[in-house]
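Novice: Take this structure first; my questions come after.
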Amino acid sequence: MLRNQYKADSRLDNHKKARDSSITVVDAYVEKIQKIQAKVDSMEALQSQLLKEAKESQRNNLVLMDELEKVKSVNETSSQLLKGYTKSLSGKRARILELETELHSLKIQSKAHIKQ
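First residue of the sequence shown: 81, per my numbering; consecutive thereafter.
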């Protein structure tokens, strides 16, 4: 009978050891899962932040594109005005040359007239 009791006690101890070992393994897995979940949460937060930054960057790019179009428009207008001024100045230079030639001609005529 003692022998049977000893076997039963031995089996009970073995079951307790196995149970304790299983609990230790499960606890280790739970700890690993919690660490992984913390990393996942961190990655999700980072992803959310990156998405916000990407949207802000996209808005900034649209504003910059709009400003660029305005600058292009102003540059085009300035270019057209400059072309107009250049043509106007060319015409005025030609007219000045004509007037200088006419003045020179009148001076010559005046000198000739005075000599007579």
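Glycine residues also receive a C-beta, built at the ideal position from the N, C-alpha and C atoms.
What is the rounded straight-line gap between the Cα of Gln114 and the Cα of Tyr86?
Specialist: If I take the Cα positions, the gap works out to 42 Å.
Novice: What's the gap between the Cα of Ser159 and the Cα of Asn140?
Specialist: Distance between the alpha carbons of Ser159 and Asn140: 28 Å.
Novice: Look up Met145 in the DSSP assignment and say whether it is helix, strand or coil.
Specialist: It is helical.
Novice: Alpha carbon to alpha carbon, how far is Met81 from Ser101?
Specialist: Each residue's Cα considered, the two are about 30 Å apart.
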